[in-house]
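Chemist: All residue numbers for the sequence shown refer to our numbering, where the first residue is 15 and numbers rise by one. Glycine included, each C-beta is placed from N, C-alpha and C at the ideal position. Below you will find the structure I want to go over with you.
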Amino acid sequence: MNLAETNLGLTDIHAHFLWGIDDGPAKPEGMYQLIRDAHSQGIVRFTATPHVRPGYRPFDAGKYRDRLHEAREFCRAQNPDMEIIAGAEVAWTYQTAYALRQRTIPTLGETDYVLLELGWDITLQEAYSAVRSVEGAGYLPVLAHVERCRCFAWAPWQALRFREKTGALFQMNADTVLRPRGLVEKYFRNLMIRERAIDVVASDAHGGAGRPVNLRRAYNWLLAHTDQEYAGLLTCFSYE
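Rendered as structure tokens:
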């Protein structure tokens, strides 16, 4: 079964394709190529999520808006059936909740969803504190590449309990779905997907051969290993 047979339009909520802003493409052509790649895979909503680190690195809102406009203009001309969505991958710092309250950083699709990046070495207690502070500011965290957090990957039962207690959503990278790194990550992937405890899969594309847009391949893997309903839920995130 392929995308054409299911009439699905995929949504990628995590991608670094705006050029010259973070560790994504350095030049416009790199951005255009990532957009072309996404469109060729059946992605109809492609979310720009440059790195934002409140309190540590100034966020250039003007440059962000310019690059977002440029990406949207390219889409209108080349891929009019594809939508470029605003967003950011927001690192957890002690300034994050304040920045969200001040509305100085982008949220996913200008909604209450925030793509929140926790450090790989964050403790479980710190993770609870981070999520609760973001929720206290009025937002719903979507934890970026949750499999990278050691407190979750090495103790999946803690991840399951954390998700249930906080209501945070879990995002897993498509590359982890396709090629988990080591036995710990493979076990975490298998258990979390079996328990339907992953809420969204996204590419986290940055460009180049090492970090491509690969959401369609992940969708096809999910079809083969879960079911069509869950595969669709994981790759067709709704901002409503």
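1) Taking C-beta to C-beta, are R225 and A219 nearer than 8 Å?
2) For A182, would you say it is in contact with chain C, using Cβ-to-Cβ distances shorter than 8 Å as the test?
3) Is N93 helix, strand or coil by DSSP?
4) Quick check: what's the CA-CA separation for W171 versus Q242?
5) From this set, L154, D126, K41, L24, which residue's C-alpha is nearest V58's C-alpha?
6) Compute the distance between the beta-carbons of L183 and D135, then report whether it is under 8 Å.
7) If I'm right that G38 touches H28 with Cβ under 8 Å, what's the distance once you round it to whole angstroms?
8) Tell me the rounded alpha-carbon separation between R231 and H53.
9) Using only the alpha-carbon positions, how far apart do R164 and E209 sit?
10) Is it the case that the Cβ atoms of L129 and E103 are separated by a distance below 8 Å?
11) By the three-class DSSP mapping on this structure, what secondary structure does R193 have?
12) Does the contact criterion of 3 or more C-beta pairs under 8 Å hold for the stretch 111-121 versus the stretch 149-165?
13) Give me the Cβ distance between T107 and P68, rounded to the nearest whole Å; I'm assuming they're in contact under 8 Å.
14) So what does DSSP say about I98, is it helix, strand or coil?
15) Run the CB neighbour count on D26, radius 10 Å, all protein chains shown included, and call it buried at 16 or more, exposed below.
16) Around the C-beta of F83, are 16 or more other C-beta atoms found within 10 angstroms, so that it is buried, or is it exposed?
17) Which residue spans inside the stretch 139-195 form an unbroken alpha helix (DSSP H) run of at least 4?
18) So I99 and F60 are in contact, right, with Cβ under 8 Å, and what is the actual spacing, rounded?
19) Would you say L122 and Y233 are within 8 Å of each other, going by their C-beta atoms?
20) Taking the beta strand (DSSP E) that L130 falls in, what are its first and last residues?
21) What does DSSP give as the partner residue(s) for L24 in the beta ladder?
Modeler: According to the data block:
1) yes
2) In the displayed structure, chain C is absent; only one protein chain is listed.
3) coil
4) 26 Å
5) L24
6) no
7) Between H28 and G38 the Cβ distance is about 12 Å, and since that is not below 8 Å, they are no contact.
8) 13 Å
9) 19 Å
10) yes
11) coil
12) yes
13) 5 Å
14) strand
15) buried
16) Residue identity check: residue 83 is His in the sequence provided, not Phe. H83 should be labelled exposed.
17) 164-167, 170-180, 188-192
18) 7 Å
19) no
20) 127-131
21) I57
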